[in-house]
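Taking it in order: structure first as structure tokens, then the write-up.
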Amino acid sequence: MKICIFTNHFYPEDFKVNDIAFELAKTGYEVTVLTAIPDYPKGKFFEGYSLFKRRREVVNGVNVIRLPIIPRGKGGAIRLVLNYLSYFLCLSIFSFFHSFRHKYDRVFVHLTSPFFIGVCAKNLSKWQKIPMFFWMLDLWPESLISAGGISHPFIINPQIKMVRKVYDQCSKILISSKGFEKSICEKGDYKDKLVYFPNWAEEVNEEVPENFNIKNINPFDEDGNFIILFAGNIGEAQNLDAIIEAARLLKNENRIKFVFVGDGRRREHLQNLVKDYSLEDTVYFPGRFPIETMPVFMNAASVLLFSLKDELCFNLTVPAKVQFYMSQGKPILAMINGDGAELIKEAKCGMAINAGDYNGLADAVRKMAVMSELELGTLGDNGKKYYESNFTKEQRMKQLEKLLVN
60 MKICIFTNHF
70 YPEDFKVNDI
80 AFELAKTGYE
90 VTVLTAIPDY
100 PKGKFFEGYS
110 LFKRRREVVN
120 GVNVIRLPII
130 PRGKGGAIRL
140 VLNYLSYFLC
150 LSIFSFFHSF
160 RHKYDRVFVH
170 LTSPFFIGVC
180 AKNLSKWQKI
190 PMFFWMLDLW
200 PESLISAGGI
210 SHPFIINPQI
220 KMVRKVYDQC
230 SKILISSKGF
240 EKSICEKGDY
250 KDKLVYFPNW
260 AEEVNEEVPE
270 NFNIKNINPF
280 DEDGNFIILF
290 AGNIGEAQNL
300 DAIIEAARLL
310 KNENRIKFVF
320 VGDGRRREHL
330 QNLVKDYSLE
340 DTVYFPGRFP
350 IETMPVFMNA
360 ASVLLFSLKD
370 ELCFNLTVPA
380 KVQFYMSQGK
390 PILAMINGDG
400 AELIKEAKCG
410 MAINAGDYNG
420 LADAVRKMAV
430 MSELELGTLG
440 DNGKKYYESN
450 FTKEQRMKQL
460 EKLLVN
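In structure tokens:
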């Protein structure tokens with residue numbers, strides 16, 4: 060079976076579609092990925108890639124075709140629009156001519172915002188009269204309204220019409236969160252097409268670098284600290300200002316430390332906020348580290364922290380980070396609303412505070428800081444057991460293959 064995967068992002072960028080493509084190729088499917096030159100999250104092309112280098116390559120048995128884009132730069136509105144439109148234009152033209160020379164049996168779409176990639180995939184599916192499987196990781200136009208602040212009917216109504224045309228072409232719509240169902244079904248009679256297809260945790264098989272010693276990193280160098288670890292993108296959506304406000308309330312409780320491992324466009328702003336509040340002994344930004352070191356950080360932390368803004372598109376989403384945290388067997392402290400909060404409560408793996416409620420977050424930190432190791436360990440074990448029962452990659456791959464062949 061020949062499968063064409065449409066995705067804005069692919070290896071070496073870190074997205075779940077990598078696992079899907081590589082596992083399908085390993086199973087014996089002939090997989091082609093249409094994607095962009097990698098530039099996420101730093102906003103510039105990855106080393107070794109350019110408009111003239113590595114535009115076509117084979118990665119782990121997958122044929123990868125990379126189309127030109129205008130890099131997103133620092134993520135400003137104009138650069139993001141140019142980034143999205145340049146990829147949509149190139150993909151539209153390329154996929155049209157590509158469809159005459161290459162015949163496929165299935166189309167699979169990995170949908171992160173924006174939605175435009177779905178139009179190109181829909182056209183290929185329609186032209187070649189083949190099934191299309193659409194994995195929704197973000198809602199549209201809800202994301203445009205929440206993140207872009209755009210709500211005028213003149214813009215939103217055409218977006219809804221575009222989305223409906225794509226949904227009409229889909230054989231199955233895979234949803235990463237059950238909360239997506241209401242939004243999708245409001246746009247048409249698509250209930251029978253919906254399939255719950257949640258995220259899974261990244262596999263970390265590589266060995267930790269020999270020269271890596273977490274004891275060289277503040278505040279992991281001192282025993283007895285209660286460490287709240289945030290790992291991942293330090294961006295706008297994560298609402299990390301509220302975490303700094305909570306840290307400010309806990310400033311005089313010397314044992315409590317907040318650690319942000321990762322990078323993103325809000326990092327410098329948060330570091331300045333830490334200086335303004337004189338929180339240098341409470342909040343730490345050690346930087347970005349290889350994925351293989353993440354389990355070391357998480358094992359050394361007391362609690363894993365997660366946060367998102369109070370926006371409709373976020374409240375309906377269970378981000379992959381929640382599953383990754385659960386897989387590490389550590390307690391979770393989340394400042395989120397909606398499906399993510401409900402999952403943490405259902406799994407009994409930590410505490411969920413309303414999005415933006417930094418007073419509530421500070422109170423939750425105080426409660427968890429006085430828990431015994433046994434109590435914290437039980438929360439972590441609950442999360443890991445729940446993950447292994449519901450969210451492993453093996454479960455998702457079996458589910459996907461069954462969908463593809465039926």
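Residue numbers for the sequence shown follow this note's numbering, so the first one is 60 and each next one is one higher.
All residues carry an ideal CB built from backbone N, CA and C; glycine is no exception.
By the Cβ neighbour-count rule, residue 231 is buried, with 16 or more other Cβ atoms within 10 Å of its own. DSSP links residue 255 through a beta bridge to 234. Under the three-state reduction of DSSP output, residue 246 falls in the coil class, being neither helix nor strand. Sorting 319, 331, 361 and 327 by C-alpha distance to the C-alpha of residue 345 places 319 at the top. For residue 74, the CB contacts under 8 Å within the same chain, skipping 5 residues up- and downstream, are 66, 68, 169 and 171 in chain order. In the DSSP secondary-structure assignment, residue 437 is not bridged to any residue. DSSP places residue 63 within a strand segment (E or B) once states are collapsed to three. Beta-bridge partners assigned by DSSP to residue 122: 91 and 117. Separation of the CB atoms of residue 386 and residue 260 is rounded to 4 Å, and the pair is thereby assigned contact status at 8 Å. For residue 411, DSSP records a beta bridge to 393.
In summary, residue 86 is exposed, with fewer than 16 beta-carbon neighbours lying within 10 Å of its beta-carbon over all protein chains present.
In this structure, the beta-carbon distance from residue 380 to residue 296 does not fall below 7 Å. The Cβ atoms of residue 191 and residue 166 lie closer than 7 Å to each other. Contact between the region 285 to 294 and the region 357 to 377 is established, with three or more Cβ pairs separated by less than 8 Å.
Cβ neighbours of residue 462 within its own chain (closer than 7 Å, five residues either side excluded): 192, 231 and 254.
Of the candidates 415, 384, 331 and 164, 384 places its Cα closest to the Cα of residue 403. Unbroken beta strand (DSSP E) stretches of 3 residues or longer found wholly inside the region 172 to 234: 191 to 195 and 231 to 234, given in chain order.
In the structure shown, residue 349 adopts coil according to DSSP, grouped into three states. Each residue's CA atom was taken as its position, placing residue 120 and residue 89 some 8 Å apart. Per DSSP, residue 366 is one residue of the beta strand (DSSP E) stretching across 362 to 366. Around the Cβ of residue 447, a 10 Å sphere holds fewer than 16 other Cβ atoms; the residue is exposed. In the same chain as residue 292, and ignoring 5 residues on each side of it, the C-beta atoms closer than 8 Å to its own belong to 100, 321, 322 and 323, in chain order. In terms of Cβ geometry, residue 375 and residue 247 do not form a close pair [threshold 7 Å]. In the DSSP assignment, residue 157 is bridged to no other residue. Here the region 178 to 185 lies against the region 143 to 151, with 3 or more beta-carbon pairs under 8 Å apart. Counting only the Cα atoms, residue 430 lies some 45 Å from residue 104.
Sixteen is the threshold: when 16 or more other Cβ atoms of the shown chains lie within 10 Å of the Cβ of residue 126, as they do, the residue is buried. Here the C-alpha atom of residue 274 lies approximately 55 Å from the C-alpha atom of residue 224. Distance between residue 205 and residue 137, taken at the CA atoms: about 17 Å. For residue 169, the enclosing beta strand (DSSP E) starts and ends at 165 to 170.
Straight across, the Cα-Cα distance linking residue 300 with residue 333 is about 10 Å. Residue 198 places its beta carbon less than 7 Å from that of residue 372.
Contact between residue 263 and residue 394 does not hold, since the beta-carbon distance rounds to 25 Å and is not under 8 Å. The Cβ atoms of residue 95 and residue 128 sit closer than 7 Å to each other. The alpha-carbon of residue 279 is positioned some 54 Å away from that of residue 189.
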